[in-house]
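Reminder that position 260 of the sequence shown reads as 259 in numbering that gives the first Met the number 0, one-by-one numbering, no gaps.
Note that CB positions come from ideal geometry on N, CA and C, so glycine has one too.
Worksheet: the structure to be examined is printed underneath.
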Amino acid sequence: MKSALYGLVGATRTRLLIAGTLLSAIIAVNPSVAAEESESSDEAPGLTVETNAGKVRGQLEDESVRVFKGIPFAAPPVGDLRWSEPRPAESWNGVRDATEFGADCMQPAGGIGSSQAEKSEDCLYLNIWSVERDEPQPVMVWIHGGGFSFGSGANEGYDGTEFAKSGVVLVTINYRLGLAGFFAHPGLSEESEMGISGNQGIHDQLAALIWVQENIAAFGGDPNNVTIFGESAGSMSVCYLIATPLSKGLFQKAIGQSGGCFNKHPTLDDPLENPEQTRGELAGGGHAAGVVMAQALGATGEGIEAIEELREMDWGALVVAHQQSGVSLSWRSIYVDGYLFPDQMGNLLGADGGNPVPSLVGSNTDEGTWLYAGIPERSMEDWKTSVRENTERDAEKFIELYMEDARKSTKTASQQMISDVVFAWEMRKWAQLITQRGSDAYMYVFSHAPFFPGLGPERPMGAYHAGEIAFVFNNRSETNWNEDDHMVADLMHAYWVNFAKTGSPNGNGLPTWPVYDADLDNALEINANPETIKGWRKAKLDGWESIVEY
């Protein structure tokens with residue numbers, strides 16, 4: 000039976016909201032909730048909105064955009080709720096101030112994609128941008144990237160002003176990261192009525208989407224027209240959300256920017272790849288990795304006793320212990336747990352599972368120039384040796400496929416190899432699986448080179464990883480933009496908005512973007528002169544298709 004232990008899922012939603020109301024009477028009041036105010040009679044209309052947990056008051060920005068920041072979509076995952084599935088947000092009296100962002104989720108200092116907000120375990124907040132209109136507006140929910148270790152929905156690059164002006168209600172969310180968000184352990188699974196643990200960050204994303212279904216109409220959004228979108232780990236999250244059967248009915252469309260989920264994932268009960276491992280990145284099964292991690296953090300007990308020990312530790316002490324241990328969870332510690340993910344993602348979407356909604360997906364031509372900048376230039380022979388050591392089979396085929404790139408630069412060839420399998424192959428597989436299930440897919444290749452801070456006007460990074468985000472959000476606060484930059488921003492933003500509204504990016508006099516056809520392997524190349532291309536990097540991606548397990 001689904002119970003409150005799992006939280007905001009399926010048939011338990013109503014009961015859990017009631018439970019959440021009762022829970023608020025016995026849990027200490029969140030300091031950010033304590034500062035309540037009475038309603039003001041002279042505020043602009045539409046700035047005080049009632050949610051199922053209480054009223055919130057936002058502020059008007061840019062003359063017409065209503066902005067609501069720091070709205071809790073789940074209870075703080077602290078104390079006994081550390082590493083638990085999300086619970087309903089506590090209710091409050093009066094009107095909650097929603098003019099300041101909530102805390103970012105705990106992450107290493109100086110992480111890419113974070114915001115200026117404080118860092119805290121109490122971090123499950125979302126933010127909304129909308130313009131008051133007569134009819135319900137389509138909703139877009141942005142899931143930030145950052146390798147499941149960094150990032151924030153409050154990052155200034157995700158400002159939703161332009162989306163709101165374009166007729167969309169834009170929502171950004173936080174979700175637990177790193178050790179807080181992807182820690183599995185036998186003790187956690189033992190206390191869960193579902194018998195699962197780990198994947199907490201994905202559960203948080205589901206909780207936010209359930210909150211959107213139950214509350215977004217009050218902010219002018221249409222809960223029956225929701226698009227989820229994200230970049231890098233955020234795009235991977237979108238992929239996981241269309242794969243899990245628990246997401247049905249929570250959204251109608253999906254956009255993935257440079258991140259898929261179709262490589263084979265470990266289960267909770269798989270062994271570690273190196274069973275004797277006590278240091279370094281722990282790759283393999285969730286329970287085995289969790290046991291090693293718990294011991295490294297100082298837990299002496301087993302099972303639930305180990306979890307109780309860790310919950311008694313201040314998070315700061317856990318961080319110090321984590322840093323000193325020399326042990327880390329894999330950055331991709333998402334597990335096939337039999338419930339959230341009953342099977343491998345490719346199997347779920349390739350058969351009759353998951354939520355195969357219309358999808359707009361793609362990657363950038365030069366993902367690796369920034370992301371893998373640390374790869375060294377090697378001699379040709381050293382490069383070949385590296386390929387042979389890091390490719391389980393068909394090494395000679397890959398040497399041949401990337402030889403032309405390697406003759407110019409072995410560093411570039413190595414960057415491109417990783418980019419192809421991590422990004423380009425994943426996004427093509429996504430488009431293929433979605434079309435196999437009968438939904439439309441639109442694939443893009445972003446080739447416009449954005450300005451990169453500190454590198455001057457030449458733009459040597461090309462179309463680097465995450466470089467498209469400012470154009471999608473039409474964020475004109477970016478400096479050093481030229482005429483082509485503004486043109487590409489107008490183009491991408493319009494395509495994304497059209498897709499959210501109708502399920503097709505086309506319209507408004509934009510260059511036609513054909514539906515993906517696996518036989519044609521077609522994509523729209525996005526730059527200042529967009530055009531349809533066919534078979535982009537096909538030989539290389541077909542090569543990866545023959546060896547990637549999914």
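{"Check": "Could you check whether the stretch 170 to 183 touches the stretch 95 to 111, counting it as contact only if at least three pairs of C-beta atoms, one from each stretch, sit closer than 8 Å?", "Outcome": "yes"}
{"Check": "Can you list the beta strand (DSSP E) stretches of 3 or more residues lying completely in the stretch 71 to 116, in chain order?", "Outcome": "94 to 96"}
{"Check": "List the residues that DSSP assigns as beta-bridge partners of residue 49.", "Outcome": "54"}
{"Check": "Classify residue 427 as helix, strand or coil using the three-state DSSP reduction.", "Outcome": "helix"}
{"Check": "I'd like to know if the stretch 218 to 233 and the stretch 136 to 151 are in contact, where contact means that at least 3 CB-CB pairs between them fall below 8 Å.", "Outcome": "yes"}
{"Check": "Look up residue 247 in the DSSP assignment and say whether it is helix, strand or coil.", "Outcome": "coil"}
{"Check": "Would you kindly report the start and end of the unbroken alpha helix (DSSP H) that includes residue 176?", "Outcome": "Where residue 176 is concerned, there is no enclosing alpha helix (DSSP H), given that its DSSP letter is neither H nor E."}
{"Check": "Which one of 492, 391, 469 and 479 has the shortest CA to CA distance from residue 546?", "Outcome": "391"}
{"Check": "Can you give me the C-alpha to C-alpha distance between residue 280 and residue 332, rounded to a whole angstrom?", "Outcome": "10 Å"}
{"Check": "How long is the line joining the alpha carbons of residue 125 and residue 430, rounded to whole angstroms?", "Outcome": "29 Å"}
{"Check": "Quick one: complete beta strand (DSSP E) runs, 3+ long, within the stretch 355 to 442?", "Outcome": "358 to 363"}
{"Check": "Label residue 213 either buried or exposed according to how many other C-beta atoms from any shown protein chain fall within 10 Å of its C-beta, with 16 as the threshold for buried.", "Outcome": "buried"}
{"Check": "Thinking C-beta only, is residue 162 closer than 9 Å to residue 472?", "Outcome": "yes"}
{"Check": "To the nearest angstrom, report how far apart residue 542 and residue 393 are at their CA atoms.", "Outcome": "9 Å"}
{"Check": "Buried or exposed, going by whether 16 or more other CB atoms sit within 10 Å of the CB of residue 277?", "Outcome": "exposed"}
{"Check": "I believe residue 237 touches residue 170 by the beta-carbon criterion, under 8 Å. Please report the beta-carbon distance rounded to the nearest angstrom.", "Outcome": "Between residue 170 and residue 237 the Cβ distance is about 14 Å, and since that is not below 8 Å, they are no contact."}
{"Check": "By Cβ distance below 6 Å, which residues in the same chain neighbour residue 454 in space, the five residues on each side in sequence not counted?", "Outcome": "none"}
{"Check": "Suppose the cutoff is 8 Å on Cβ atoms and the five residues either side in sequence are ignored; what does the same chain contact list for residue 265 look like?", "Outcome": "282, 283, 284, 285, 334 and 335"}
{"Check": "With residue 240 and residue 339 assumed to form a contact (beta carbons below 8 Å), what rounded beta-carbon distance in angstroms separates them?", "Outcome": "With 8 Å as the limit, residue 240 and residue 339 do not qualify as a contact, their Cβ atoms being about 10 Å apart."}
{"Check": "If you reduce the DSSP assignment to three classes, tell me which class residue 147 lands in.", "Outcome": "coil"}
{"Check": "Determine the contact status of residue 409 and residue 379, defining contact as a CB-CB distance below 9 Å.", "Outcome": "yes"}
{"Check": "What residue range is occupied by the uninterrupted beta strand (DSSP E) comprising residue 130?", "Outcome": "124 to 130"}
{"Check": "In the stretch 194 to 220, which residue ranges form an unbroken alpha helix (DSSP H) of at least 4 residues, counting only runs that do not cross its ends?", "Outcome": "199 to 214"}
{"Check": "Quick check: residue 85 and residue 202, are their CB atoms within less than 9 Å of each other?", "Outcome": "yes"}
{"Check": "Do you know whose CA, among 62, 50, 328 and 194, lies nearest residue 90's CA?", "Outcome": "50"}
{"Check": "Using DSSP's beta-bridge definition, name the partner residues of residue 226.", "Outcome": "139 and 252"}
{"Check": "Please list the segments of the alpha helix (DSSP H) lying wholly inside the stretch 147 to 171, counting only runs of 4 or more residues, in order along the chain.", "Outcome": "160 to 164"}
{"Check": "Which runs of the alpha helix (DSSP H) at least 4 residues long sit entirely within the stretch 254 to 290? Give them in chain order.", "Outcome": "none"}
{"Check": "In chain order, what residues of the same chain lie with their CB nearer than 6 Å to the CB of residue 369, ignoring the 5 residues before and after it?", "Outcome": "460, 463 and 464"}
{"Check": "Measuring CA to CA, which of 200, 96, 118 and 66 is closest to residue 167?", "Outcome": "66"}
{"Check": "Nearest by alpha-carbon distance to residue 527: which of 515, 510, 501 and 321 is it?", "Outcome": "510"}
{"Check": "Along the chain, where does the alpha helix (DSSP H) that runs through residue 309 open and close?", "Outcome": "302 to 311"}
{"Check": "Enumerate in chain order the residues of its own chain whose CB-to-CB distance from residue 493 is below 7 Å, with the five nearest sequence positions on each side excluded.", "Outcome": "507 and 509"}
{"Check": "What separation, rounded to the nearest whole angstrom, lies between the Cα atoms of residue 136 and residue 220?", "Outcome": "5 Å"}
{"Check": "Could you give the residue range of the alpha helix (DSSP H) that holds residue 347?", "Outcome": "344 to 349"}
{"Check": "Can the beta-carbon of residue 296 be found closer than 9 Å to that of residue 328?", "Outcome": "no"}
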